[in-house]
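Student:
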């Protein structure tokens with residue numbers, strides 16, 4: 001089975017694990033990817049659902065790994081090949097100078113990405129009439145697995161240790177949206193500056209578009225190498241239904257912000273996360289991706305995976321065929337316009353673990369850019 005097809009199926013169906021303790025700890029709830037576990041397949045580390053309802057009935061089974069984290073994956077009893085699990089990072093065993101476990105400050109995503117939600121609270125999450133229905137940002141906080149506000153000093157301390165002990169290569173800083181017109185840009189700039197003062201680590205910051213475009217230069221000057229502003233859904237009716245609070249920031253405003261941010265960060269260094277399977281059609285997603293790639297924004301399209309405890313916990317995942325119909329043409333479109341995951345300095349697009357998109361890119365490059 002081609003790797004890109006296998007990854008699509010695993011991210012749609014999830015996997016059953018003979019040993020749920022295999023590899024690095026998985027997370028339930030929180031800012032995504034949640035309810036997933038990192039698995040390496042054919043050299044590509046991907047985040048695969050393991051705690052979701054589809055995963056409990058998945059045709060895919062991963063055996064208990066050996067002492068080196070290696071295992072086999074099968075479908076309906078037929079062995080497909082070998083997989084491995086990134087091991088528990090060493091920095092998880094440490095605590096900050098003020099006594100907070102490092103794992104409550106930042107976590108390992110994929111194989112070599114340090115990820116943190118600087119503010120684990122959000123003005124959208126406080127009301128079920130405004131919250132993004134797929135979001136579980138408050139779950140890990142309520143369960144005591146994280147803290148509400150990670151200080152710049154804590155982030156710098158953990159980032160330095162993660163680089164030195166575990167070879168982390170880049171960092172993602174996202175945030176719940178606080179009150180105020182900067183929509184989190186200020187706290188992200190402060191956090192990026194502190195980390196860069198402690199360790200030379202590429203950083204992507206993620207927030208909603210601030211009201212003032214001057215924040216893009218401020219975040220860049222503070223040390224952010226890349227920026228994510230996530231549409232999630234691409235059409236206004238779907239956005240209003242799925243994320244009623246966030247939909248108050250229109251798609252038109254997002255595109256204004258993209259146009260302003262690309263000259264600051266560079267082509268391909270501004271990205272947006274798009275969740276396929278929420279109601280947008282294939283054509284609608286590809287049309288928006290066409291607009292994005294023309295201005296130099298990397299559209300990171302991932303399959304929607306429901307998280308337990310959210311209003312969409314029973315929402316179906318998109319089929320592998322639906323994802324293939326998007327990611328195939330999209331990879332060719334992006335390569336034709338000079339946008340490749342390998343060139344992104346930091347963030348979700350560079351990591352690539354939540355989508356098969358970068359695998360499609362590699363295939364397209366091998367075929368001269370044709371999808």
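In full-length UniProt numbering, the protein residues as written are 1 to 371. All residues carry an ideal CB built from backbone N, CA and C; glycine is no exception.
CB residue 224 to CB residue 205, shorter than 8 Å?
Tutor: The answer is yes: Cβ separation under 8 Å.
Student: Let me check understanding here. Comparing Cα to Cα, which of 41, 48, 5, 40 lies closest to residue 16?
Tutor: That would be 48, whose Cα lies nearest to the Cα of residue 16.
Student: Could you check what DSSP says for residue 49 in three-state terms: helix, strand or coil?
Tutor: Looking at residue 49 - three-state DSSP - the assignment turns out to be strand.
Student: For residue 159, is the classification buried or exposed, using 16 other Cβ atoms within 10 angstroms of its Cβ as the cut-off for buried?
Tutor: By the neighbour-count rule (16 or more Cβ atoms within 10 Å), residue 159 is buried.
Student: Tell me where the beta strand (DSSP E) around residue 174 begins and ends.
Tutor: Element bounds for residue 174: 170 to 174.
Student: For the segment 171 to 178 and the segment 304 to 323, state whether three or more C-beta atom pairs, one from each stretch, are separated by less than 8 Å.
Tutor: No, because fewer than three Cβ pairs between the segment 171 to 178 and the segment 304 to 323 fall closer than 8 Å, the two stretches do not touch.
Student: Quick check on the DSSP output: what are the complete beta strand (DSSP E) runs of length 3 or more inside the segment 265 to 324, in order along the chain?
Tutor: Within the segment 265 to 324, the complete beta strand (DSSP E) runs of at least 3 residues are 270 to 276, 297 to 303.
Student: May I ask you to report which of helix, strand or coil DSSP gives residue 40?
Tutor: Three-state DSSP puts residue 40 in a strand.
Student: According to DSSP, is residue 384 helix, strand or coil?
Tutor: Look at the range of the chain in this structure, 1 to 371, and you will see that residue 384 is not part of it.
Student: Pull up the distance between the alpha-carbon of residue 29 and that of residue 63, whole angstroms please.
Tutor: Annotation note: pLDDT 49 at residue 29 (below 50); position unreliable, no value reported.
Student: Determine, using beta-carbon pairs with one atom in the segment 278 to 296 and one in the segment 234 to 245, whether at least three such pairs fall under 8 Å.
Tutor: Yes: the two stretches touch, three or more of their Cβ pairs being nearer than 8 Å.
Student: With 16 as the cutoff for other CB atoms within 10 Å, does residue 35 come out buried or exposed?
Tutor: So residue 35 ends up on the buried side.
Student: Can you tell which of 231, 244, 88, 249 has its C-alpha closest to the C-alpha of residue 302?
Tutor: Closest by alpha carbon: 231.
Student: In whole angstroms, what is the alpha-carbon distance linking residue 8 and residue 356?
Tutor: Roughly 6 Å separates the two Cα atoms.
Student: Under 8 Å, do residue 131 and residue 245 count as touching if we go by C-beta distance?
Tutor: Yes, the Cβ-Cβ distance between residue 131 and residue 245 is below 8 Å.
Student: Using CA atoms only, rank isn't needed, just tell me which of 145, 304, 133 is closest to residue 116.
Tutor: Ranking 145, 304, 133 by Cα distance to residue 116 puts 145 first.
Student: Helix, strand or coil for residue 357? Go by DSSP, reduced to three states.
Tutor: Here residue 357 sits in helix by DSSP.
Student: Apart from the five residues on each side of it in sequence, which residues of its chain come closer than 6 Å, Cβ to Cβ, to residue 121?
Tutor: The answer, listed in chain order, is 148, 176.
Student: So with Cβ pairs under 8 Å, would you call residue 115 a contact of chain C?
Tutor: Protein chains in the displayed structure number just one, and chain C is not present.
Student: Classify residue 123 as helix, strand or coil using the three-state DSSP reduction.
Tutor: Three-state result, residue 123: coil.
Student: Which residues in the same chain have their Cβ closer than 8 Å to the Cβ of residue 219, if we skip the five residues on either side of it in sequence?
Tutor: Closer than 8 Å at the Cβ level, and outside the excluded window around residue 219, lie 185, 188, 189, 192, 205, 227.
Student: Quick check: what's the CA-CA separation for residue 271 versus residue 22?
Tutor: Approximately 32 Å between the Cα atoms of the pair.
Student: When the Cβ atoms of the segment 150 to 165 are set against those of the segment 93 to 110, are three or more pairs found closer than 8 Å?
Tutor: These segments touch.
Student: CB-CB under 8 Å to residue 81, same chain, minus the five flanking residues each way: which ones, in chain order?
Tutor: So the qualifying residues of the chain are 41, 42, 72, 73.
Student: Alpha carbon to alpha carbon, how far is residue 216 from residue 288?
Tutor: Straight-line Cα distance between these residues: approximately 22 Å.
Student: Over what stretch of residues does the beta strand (DSSP E) that includes residue 82 continue unbroken?
Tutor: Run containing residue 82: 78 to 84, per the beta strand (DSSP E) assignment.
Student: Could you tell me which whole alpha helix (DSSP H) segments of length 4 or greater appear in the segment 130 to 192?
Tutor: Counting only runs of 4 or more, we get 137 to 142, 152 to 166.
Student: Going straight from the alpha carbon of residue 95 to that of residue 18, what length do you get?
Tutor: Going by the C-alpha atoms only, they are around 31 Å apart.
Student: Taking a contact to mean a Cβ-Cβ separation below 8 Å, would you say residue 50 touches residue 11 in this structure?
Tutor: No, these two residues do not count as a Cβ contact at 8 Å.
Student: Where residue 84 and residue 142 are concerned, what is the direct C-alpha to C-alpha distance, given to the nearest angstrom?
Tutor: Rounded to the nearest angstrom, the two C-alpha atoms are 32 Å apart.
Student: DSSP three-state call for residue 29: helix, strand or coil?
Tutor: Note that residue 29 scores a pLDDT of 49, beneath 50, so its modelled location is shaky and nothing firm can be said.
Student: Return the CA-CA distance between residue 183 and residue 129, expressed in angstroms with no decimal places.
Tutor: Distance between the alpha carbons of residue 183 and residue 129 is about 19 Å.
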